[in-house]
Every structure is written in structure tokens, then in C-alpha cells.
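Those protein sequence lines, which keep their order, are chains A, B, C and D. Residue 125 in the UniProt record's numbering sits at position 125 of the first sequence; the count goes up by one each step and never skips. Residue 117 in the UniProt record's numbering sits at position 117 of the second sequence; the count goes up by one each step and never skips. Residue 111 in the UniProt record's numbering sits at position 111 of the third sequence; the count goes up by one each step and never skips. Residue 47 in the UniProt record's numbering sits at position 47 of the fourth sequence; the count goes up by one each step and never skips. Glycine is no exception: its CB is placed at the ideal position from the N, C-alpha and C atoms. Following: one structure in C-alpha cells, then a few remarks.
Number of protein chains: 4
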Amino acid sequence: MIIDIDARSDVPIYEQLRRGVIAGIANDELAPGDRLPSVRALAVDLGVNLHTVNKAYALLRDDGYITMRRGSGAVVAERGAGAADAPGDARIEGELHRLILEHKAGGGDAAAFLDLVRTQLARIYGE
Amino acid sequence: MIIDIDARSDVPIYEQLRRGVIAGIANDELAPGDRLPSVRALAVDLGVNLHTVNKAYALLRDDGYITMRRGSGAVVAERGAGAADAPGDARIEGELHRLILEHKAGGGDAAAFLDLVRTQLARIYGE
Amino acid sequence: MIIDIDARSDVPIYEQLRRGVIAGIANDELAPGDRLPSVRALAVDLGVNLHTVNKAYALLRDDGYITMRRGSGAVVAERGAGAADAPGDARIEGELHRLILEHKAGGGDAAAFLDLVRTQLARIYGE
Amino acid sequence: MIIDIDARSDVPIYEQLRRGVIAGIANDELAPGDRLPSVRALAVDLGVNLHTVNKAYALLRDDGYITMRRGSGAVVAERGAGAADAPGDARIEGELHRLILEHKAGGGDAAAFLDLVRTQLARIYGE
DNA sequence: GTGGTCTAGACCACT
DNA sequence: GTGGTCTAGACCACA
Numbered sequence: 001m002i003i004d005i006d007a008r009s010d011v012p013i014y015e016q017l018r019r020g021v022i023a024g025i026a027n028d029e030l031a032p033g034d035r036l037p038s039v040r041a042l043a044v045d046l047g048v049n050l051h052t053v054n055k056a057y058a059l060l061r062d063d064g065y066i067t068m069r070r071g072s073g074a075v076v077a078e079r080g081a082g083a084a085d086a087p088g089d090a091r092i093e094g095e096l097h098r099l100i101l102e103h104k105a106g107g108g109d110a111a112a113f114l115d116l117v118r119t120q121l122a123r124i125y126g127e
Numbered sequence: 001m002i003i004d005i006d007a008r009s010d011v012p013i014y015e016q017l018r019r020g021v022i023a024g025i026a027n028d029e030l031a032p033g034d035r036l037p038s039v040r041a042l043a044v045d046l047g048v049n050l051h052t053v054n055k056a057y058a059l060l061r062d063d064g065y066i067t068m069r070r071g072s073g074a075v076v077a078e079r080g081a082g083a084a085d086a087p088g089d090a091r092i093e094g095e096l097h098r099l100i101l102e103h104k105a106g107g108g109d110a111a112a113f114l115d116l117v118r119t120q121l122a123r124i125y126g127e
Numbered sequence: 001m002i003i004d005i006d007a008r009s010d011v012p013i014y015e016q017l018r019r020g021v022i023a024g025i026a027n028d029e030l031a032p033g034d035r036l037p038s039v040r041a042l043a044v045d046l047g048v049n050l051h052t053v054n055k056a057y058a059l060l061r062d063d064g065y066i067t068m069r070r071g072s073g074a075v076v077a078e079r080g081a082g083a084a085d086a087p088g089d090a091r092i093e094g095e096l097h098r099l100i101l102e103h104k105a106g107g108g109d110a111a112a113f114l115d116l117v118r119t120q121l122a123r124i125y126g127e
Numbered sequence: 001m002i003i004d005i006d007a008r009s010d011v012p013i014y015e016q017l018r019r020g021v022i023a024g025i026a027n028d029e030l031a032p033g034d035r036l037p038s039v040r041a042l043a044v045d046l047g048v049n050l051h052t053v054n055k056a057y058a059l060l061r062d063d064g065y066i067t068m069r070r071g072s073g074a075v076v077a078e079r080g081a082g083a084a085d086a087p088g089d090a091r092i093e094g095e096l097h098r099l100i101l102e103h104k105a106g107g108g109d110a111a112a113f114l115d116l117v118r119t120q121l122a123r124i125y126g127e
């Protein structure tokens, strides 16, 4: 799994890490039961601080994507076992609502937005 | 137009203001040529800092949603005339990409995501 | 409000801080809308690190006890407005279950446990 | 007796083991004089580290719940004969105090807390 | 002036 | 060897 960090981005590093792991899970590069690199190892690997990786892992744990145990490291959790499954959908709906409003305010319509969605779905799920 | 500020949200107040104006434009509560409340009036009205409203208006101006002239206040711009058309779509695509990945990592599939999108489109554009 | 920190306790300092604030809220020393001391001020006051206080405040925020905003400081939230209200009760029930089991395993019975509970209720709510 | 280890809990495994044995004693699944599984057998059975089981047994022995002799394994002790009788009650009272404070800070009152207690007592001692 | 983020380095608990 | 906690100090975003 490759996560590239952009230190100049306005997205915090820990959030970039979180998204990278989520992308890895979505792309099946990380399967349930797989061990993530240790906090220290990933920190050295990416050239960021240990605590930054730790925060990203803690967020992923709180959202149910991974489990962590003091002496055992971090492991990808089973899908659908997270504590944030239902609220996760609610959050995604909220963000979609906001995106559609921005799109409409910029002059778009429903069909144009659906096109954007289909394009991205094809990128991820294939055609 | 009503903008409600959620003090508990982790979204910055200036960003909530920005989104509120965009929502007003999208919902046709704010039409091109309409005048927005003055920075001072809105700040007093919402009980937030002057600088906060100022920042929100500046961002809206940078994205082409409104025009500002010293002395004449802020006015809603014509749709499609802004600087944000092309970059706006790119940003929306990026956010969609991320949302789909999170949704898939949480166990969702393409059809389920399309359902979420259609639900939100119906909320905004009507059925 | 007074919070005394025991650095030798096996309870983490941030957890002692969290409990102290909760006790303050329960004892009506902290009412909804009251401002908590700033992270820096409390850290200096108690002789602990800024980040330790920050973590305690973040936990209290996640449990809905307080709200925090970058330039505004921390404020005691309205009761019953937290995100953890229902799960809070579930957690308390779980801990009660465990305590009763330990009490029974040590030779206690239901009446004796109720006595312990009534004693503590009297300490907090008065007789 | 069945002890299920929750890998996602933030409670250390040795503590989950300790609580499991205490629950077994409280539920009369483990009677005074019964032999517990050997450290090795339980470790293999649960898929946890030998040291972890060892630590749990040591804690149970220190609290007077079990007795251990080299070669003869661990045996459930007589009730009320342990070293944990007096200190156990003090610890339980302390935890009750904390729970009541959290409950009150979340908007509860004495009657509501007593209801929670009675519900859990009924679960364990029957109605 | 406030909290948020990041870095650096230490010690401890757990497996 | 792993993550958890704490300290120390810096810079930035927000109000």
C-alpha cells in the first residue's frame, strides 16, 4: 500500500493518512485481518512524526475501520462491524447534499451532477 | 434567507456562512443582483465576529459567487460568470471520489451510492 | 472548580481531568454556558502539559459535555444535547453489571449492593 | 465456562480474562474447589499470549479469588476468605460514586440511577 | 488569545 | 516490539 503525503496541502497529514488507509481498504489492497504497518514503521517510512500516524490510526479505530491493541498492532476490521456504519451513511448523505448545492449554485443541474457521479463510480468500480 | 450557525460543529463558522450563502443561491432564495446583508449587519445578527463574516464574503467573491464593491456592499453574481466553474467541477469530482471510497470501505457498492445520490438530488431538485 | 491531579495514580492524568470536569458539572459548579479555563491556563495551573489538558477536553467534547471552537475556548454544553446520551446509559449499565458481578463473587448479595448504592447516592444527592 | 475476548474493546485482555473468571464465580459456574484450566491450556484455547493469562491469574490470586500452587494449577478459593473483602467494597464504592456523577452530569437523577441498578440486579440475581 | 497540528523524545503497559 | 501516555516547544487557523 502506498500513501503519498503532501505536506503543503491544507488537509492535515493525519487526515491524508486516514484517507489513504480507507482508500486501501476500498481498493482491496487491505483486506479484513491484514496488519497495518506499525505506528513507528509507517512514521519513519513517510517521514512524519509518530504521533501524527498515531492520531490517524486512532481515528480509523474510532470509526470502526481498524482495531488496535497495545502489544499487537493495528489490524483491518471486518466490514460492517464498525460502530460508525449507520452514522457513516448519514455523514455521506450530508456531504452529498452540500456538494449538490454547490454544484447547483455554480450553474449545474441534476443531470450534470449525475454525470459527475457516474464518472467517479466508473473510476473506482470499473466500467 | 436564514443561516443557522452550529456552535458544536467542527466546521469553521466562516465556512458555515459560506455554505449558507451558497445554499441560498442554489435554492433561489438569492437571485443574481440581490444584495447580501452588510458585513456588520450579518455579524451582529448572527452574533459572530466581524472578521469571520468578512472572510466568508471574501471566499465567496474569490469563487465568483458574489461581487463586492467598496461602499455598495455585496451582490449575488450571475451564474456561470464566476471564476469557479472549471475548478469547481474538479473539486466536486475530487470530493465525490473520496466519498465513494469511504462508502465502499464501509461495505457499500455502486448501486447503493447511486441511491444516496438520487435521494439527495430529489431533496434539492424535487421529484 | 478544583481538580486535584495525582501523578502517581494508574488512572491517566487526562482521565482524571475528564472526571473532574464531569464532577464539576454534576455538582452544579459548572453550569451550561460556563466557560472552562483555556487549555493553556489549566495546564499551567495544574502543572501538566498543554496536550494532556487538550486530550481531556477533546474527550469531553466527543461525549457531548462541552463544546470547543478554535478561537472561542471551551464551553459547558446544554444537558441532554450530547451525542452520547443514549450510549452513555448503556455504558453505565455495563459497568454496573460488572460491579455487581465482582461484588457477588466476593460474597455479596443484592441487598448489600443496594446499600452501597444508596450510600453513594446520599453522598451526591443529599439525604 | 466460556470467556469471550473482545479484540475491539479497549479493556486489556488480561483484564477481560480476570473479569470472565469473576463472572464465572459469581454465576456459580465456578464453585470453590474447582480447578481452572492451566495457564498454557487457556492461552492456547483463547489464542492469547501465555504471559497474558499468567497476569490475569496472578491478579485473581492477589485478590483472593483463586489459589495457585506450583504443579497443582489454579483452584477457586472459598468465598469471603480472600484478601479483597474490605478493599473490594471500598473500590466498588469509589466506582459507584464516579458512575453516579457521570450519570448526573448527563442529566440523570437518583431515581433513574436506582432504576439502572435494579435492572442489573434483576439480570444477575433473578427477579 | 484560543484551540489545532506537527515535531521530538521519553517512559510505561501490554502482548 | 507494539501502542499509550506525558512532556516540551513550535507554528498556524480561527474568532
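Check your understanding: If you draw a straight line from the C-alpha of R79/B to the C-alpha of G64/B, how long is it?
Key -> The residue labelled residue 79/B in the question sits at position 79 within the second sequence. The residue labelled residue 64/B in the question sits at position 64 within the second sequence. Approximately 9 angstroms between the Cα atoms of the pair.
Check your understanding: Excluding five sequence neighbours on each side, which residues of the same chain lie with their C-beta closer than 7 angstroms to the C-beta of V53/D?
Key -> On the fourth sequence, position 53 is the one that residue 53/D refers to. Only residues of its own chain outside the window of five on either side were considered, and among them L17, V39, L42, A43 have a CB closer than 7 angstroms to the CB of V53/D, listed in chain order.
Review point. Is the segment 101 to 117 of chain D touching the segment 89 to 104 of chain C in the sense that three or more CB pairs, one from each, lie closer than 8 angstroms?
Key: Segments in contact, yes.
Check your understanding: residue 187/C bridges to which residues according to DSSP?
Key -> Residue 187/C lies beyond the stretch modelled for chain C, which goes from 1 to 127, so this question has no answer here.
Practice item. Starting from the Cα of A31/C, find the closest Cα among R19/C, M1/C, N49/C and give me that residue. Key: Translated into the one-based positions of the third sequence, residue 31/C becomes position 31. Nearest option by C-alpha distance: M1/C.
Check your understanding: Given D34/B, which residues of its chain have a CB within under 8 angstroms of its CB, disregarding the five upstream and five downstream residues?
Key -> For the purposes of this step, residue 34/B is taken as the residue at position 34 of the second sequence. Excluding positions up to five away in sequence, the list reads V75, V76.
Check your understanding: Quick one: what does DSSP say R79/B is sitting in, helix, strand or coil?
Key -> Here the question's residue 79/B lines up with position 79 in the second sequence. Note: R79/B maps to coil in three-state DSSP.
**Study point:** Buried/exposed call for E29/A, threshold 16 Cβ in 10 Å
**Key:** Indexing the first sequence from 1 puts residue 29/A at position 29. It counts as exposed.
Exercise for review: State the start and end residues of the unbroken alpha helix (DSSP H) segment that holds A122/A.
Suggested key: Start at 1 with the first residue of the first sequence, and residue 122/A comes out as number 122. Run containing A122/A: 110 to 125, per the alpha helix (DSSP H) assignment.
Practice item. Mind checking who R35/C pairs with in its DSSP beta bridge? Key: Within the third sequence, numbered from 1, the residue matching residue 35/C stands at position 35. Beta-bridge annotation (DSSP): R35/C is paired with V75/C.
Check your understanding: Of all the options L59/A, T67/A, I13/A, which has the alpha carbon lying nearest to the alpha carbon of L46/A?
Key -> As a first step, residue 46/A must be located in the first sequence, where it is residue number 46. Between L46/A and the set L59/A, T67/A, I13/A, the nearest pair of CA atoms involves I13/A.
Exercise for review: Report the option in I5/D, E93/D, D6/D, H51/D whose CA atom is closest to the CA atom of T119/C.
Suggested key: Along the third sequence, one-based indexing puts residue 119/C at 119. Of the listed residues, the one whose Cα sits closest to T119/C is E93/D.
Practice item. Please decide whether T67/C counts as near chain B, where near means a Cβ-Cβ distance under 9 angstroms. Key: Walking along the third sequence from the start, residue 67/C turns up at place 67. For T67/C, the answer is yes, since a Cβ of chain B falls inside 9 angstroms of its Cβ.
Review point. Taking the alpha carbon of D62/C as the point to measure from, which residue in R123/B, S9/B, I3/B, R61/B has its own alpha carbon closest?
Key: The residue you call residue 62/C lines up with position 62 of the third sequence. Residue nearest to D62/C within the set R123/B, S9/B, I3/B, R61/B is S9/B (criterion: CA-CA distance).
**Study point:** Limits of the alpha helix (DSSP H) - the one that G20/A falls within
**Key:** Numbered from 1 along the first sequence, position 20 holds the residue referred to as residue 20/A. Residue range 13 to 26 is occupied by the alpha helix (DSSP H) that includes G20/A.
Review point. If you compare alpha carbons, which of V117/A, S72/A, L36/A is closest to R98/B?
Key: Numbered from its first residue, the second sequence carries residue 98/B at position 98. Out of V117/A, S72/A, L36/A, the CA that lies nearest to the CA of R98/B is found in V117/A.
Review point. Among L96/B, L121/B, Y125/B, which one has its Cα closest to the Cα of R123/A?
Key: For the purposes of this step, residue 123/A is taken as residue 123 along the first sequence, with counting starting at 1. R123/A has its Cα closest to that of L96/B, out of L96/B, L121/B, Y125/B.
**Study point:** Residue burial classification, L50/B (beta-carbon count within 10 angstroms, cutoff 16)
**Key:** On the second sequence, position 50 is the one that residue 50/B refers to. Exposed, by the Cβ-count rule.
Check your understanding: Exposed or buried, what is V21/B when buried is set at 16 or more other beta-carbons lying within 10 Å of its beta-carbon?
Key -> On the second sequence, position 21 is the one that residue 21/B refers to. V21/B should be labelled buried.
Review point. Can you give the beta carbon distance from A26/B to L101/A, rounded, assuming they're within the 8 angstroms contact cut?
Key: Taking the second sequence and counting its residues from 1, the one referred to as residue 26/B is at position 26. Taking the first sequence and counting its residues from 1, the one referred to as residue 101/A is at position 101. The distance from the Cβ of A26/B to that of L101/A is about 4 angstroms, consistent with a contact at the 8 angstroms cut-off.
Exercise for review: Could you spell out where the alpha helix (DSSP H) holding D62/B opens and where it closes?
Suggested key: Counted from its first residue, the second sequence places residue 62/B at position 62. From DSSP, the alpha helix (DSSP H) with D62/B extends over 50 to 62.
Review point. By how many angstroms is the C-alpha of R70/B removed from the C-alpha of A56/B?
Key: As a first step, residue 56/B is located in the second sequence; it is residue number 56 there, counting from the start. As a first step, residue 70/B is located in the second sequence; it is residue number 70 there, counting from the start. Rounded to the nearest angstrom, the two C-alpha atoms are 16 angstroms apart.
Review point. Taking the C-alpha atoms as reference points, what is the distance between M68/D and L121/D?
Key: Walking along the fourth sequence from the start, residue 68/D turns up at place 68. Walking along the fourth sequence from the start, residue 121/D turns up at place 121. M68/D and L121/D: Cα-Cα distance of roughly 31 angstroms.
**Study point:** Beta-carbon neighbours of Q120/A, restricted to chain B and to distances below 8 angstroms
**Key:** Translated into positions along the first sequence, residue 120/A becomes position 120. Within chain B, the residues placing a beta-carbon under 8 angstroms from that of Q120/A are E93, L96, H97, I100, ordered along the chain.
Check your understanding: Taking Cβ positions, are G24/A and I5/A nearer each other than 9 angstroms?
Key -> The count along the first sequence starts at 1 and reaches residue 24/A at position 24. The count along the first sequence starts at 1 and reaches residue 5/A at position 5. Pairing G24/A with I5/A gives a Cβ-Cβ distance that is not under 9 angstroms.
Practice item. Just tell me which of E15/B, V11/B, I66/B has its CA closest to the CA of P37/B. Key: Locating residue 37/B in the second sequence gives position 37, where the first residue counts as 1. Looking at the Cα atoms, I66/B is the closest of the given residues.
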